[in-house]
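J.: In the numbering used here, the protein residues as written are -5 to 173.
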Amino acid sequence: GGSSLAYSTYLGGTGAAEDYGYGIALDSSGNAYVTGYTTSTNFPTTANAVQAKSGGGYDAFVTEINAASPALVYSTYLGGSSTDLGYGIAVDSAGNAYVTGQTLSSNFPIATAFQPTLRGSSNAFVTKFPAVTTIARPAINIGGTVNGASFTLTSSSLAPGSIAAIFGSNLSDGAACVS
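#1: Quick check on the DSSP output: the beta strand (DSSP E) that includes T121 runs from which residue to which?
#2: Looking at the unbroken beta strand (DSSP E) that takes in E58, where does it start and where does it end?
#3: Check V44 in the structure and name its three-state DSSP category.
#4: Going along the chain, which residues of its own chain have a beta-carbon closer than 8 angstroms to the beta-carbon of S63, five neighbours each way excluded?
#5: Let me know the secondary structure DSSP gives T109 once reduced to three states.
#6: Roughly how many angstroms lie between the CA atoms of N36 and N90, to the nearest whole one?
#7: Thinking C-beta only, is T39 closer than 8 angstroms to T3?
#8: Considering only the beta carbon of each residue, do L20 and V67 sit closer than 8 angstroms?
#9: Is it the case that the Cβ atoms of G30 and F55 are separated by a distance below 8 angstroms?
#10: For the beta strand (DSSP E) containing V126, name the first residue and the last one.
#11: Classify Y4 as helix, strand or coil using the three-state DSSP reduction.
#12: Got a sec? Which residues, its chain only, sit under 6 angstroms from S23 by beta carbon, not counting five neighbours each side?
#13: Return yes when the Cβ of L112 is within less than 8 angstroms of the Cβ of F102, no when it is not.
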């Protein structure tokens, strides 16, 4: 409540870019973690970004904003050469961020994956970002042979080492849950 804003800021690039925020989570310090997607070629990134430049088309983004001021703690693109959309984000008590969404990119950034390749035209993805780091791990694709997408990943208290369950659907085989 109150009669004034603590902060309110734009987050995006310039020109004819499209920038959309789809998920937000808070860490124990009140820092805001945002995910969504952008077509901007100059979306604001930080020096320690996993991916400082757009992979092409629509790219997911992951941004952490300091609670004390609207300053960027961390911001990066996340995507390959096709469409990559960030839909949900969660943060555990150690500050690790978990992002989920949809990818159509066969060259989506992958590390320590149980499914290292795109299956079909579209798969869901899950990416773990350790607290303010330069390495994304692990990213996993979840999907069948036609379409896969994951829209929500939430938690009020994911403990380090806990298991995240991803719920969604898959048009190719009706898969309902991967955990």
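Every residue gets a Cβ at the ideal spot worked out from N, C-alpha and C, and that includes glycine.
Just so you know, these numbers come straight off a predicted model, no measurement behind them.
T.: For this structure:
#1: Taking the sequence shown and counting its residues from 1, the one referred to as residue 121 is at position 127. For T121, the enclosing beta strand (DSSP E) starts and ends at N117 to F123.
#2: Here the question's residue 58 lines up with position 64 in the sequence shown. DSSP places E58 in the uninterrupted beta strand (DSSP E) bounded by D53 to I59.
#3: Residue mapping note: residue 44 aligns to position 50 of the sequence shown, counting from 1. V44: coil per DSSP, three-state reduction.
#4: Walking along the sequence shown from the start, residue 63 turns up at place 69. The residues are Y1.
#5: On the sequence shown, residue 109 is found 115 positions in, with the first residue counted as 1. The question names Thr, yet the displayed sequence has Gln at residue 109. If DSSP states are grouped into helix, strand and coil, Q109 belongs with coil.
#6: Within the sequence shown, residue 36 is the residue found at index 42, counting from 1. Within the sequence shown, residue 90 is the residue found at index 96, counting from 1. Cα atoms of N36 and N90: separation of roughly 25 angstroms, rounded to the nearest angstrom.
#7: Residue 3 sits at position 9 when you count from the first residue of the sequence shown. Residue 39 sits at position 45 when you count from the first residue of the sequence shown. Their beta carbons are not under 8 angstroms apart, which means T3 does not touch T39 by this criterion.
#8: Start at 1 with the first residue of the sequence shown, and residue 20 comes out as number 26. Start at 1 with the first residue of the sequence shown, and residue 67 comes out as number 73. Contact: no.
#9: Numbered from its first residue, the sequence shown carries residue 30 at position 36. Numbered from its first residue, the sequence shown carries residue 55 at position 61. In contact: G30 and F55 (Cβ atoms closer than 8 angstroms).
#10: Your numbering for residue 126 matches position 132 in the sequence shown. No residue range can be given for V126, since it is assigned to no beta strand (DSSP E) and is classified by DSSP as neither H nor E.
#11: Here residue 4 refers to the residue found at position 10 of the sequence shown. Of the three classes helix, strand and coil, the one that applies to Y4 here is coil, per DSSP.
#12: As a working note, residue 23 is residue 29 in the sequence shown. Excluding sequence neighbours, S23 sits near A61.
#13: As a position in the sequence shown, residue 102 is number 108, starting the count at 1. As a position in the sequence shown, residue 112 is number 118, starting the count at 1. The beta carbons of F102 and L112 sit closer together than 8 angstroms.
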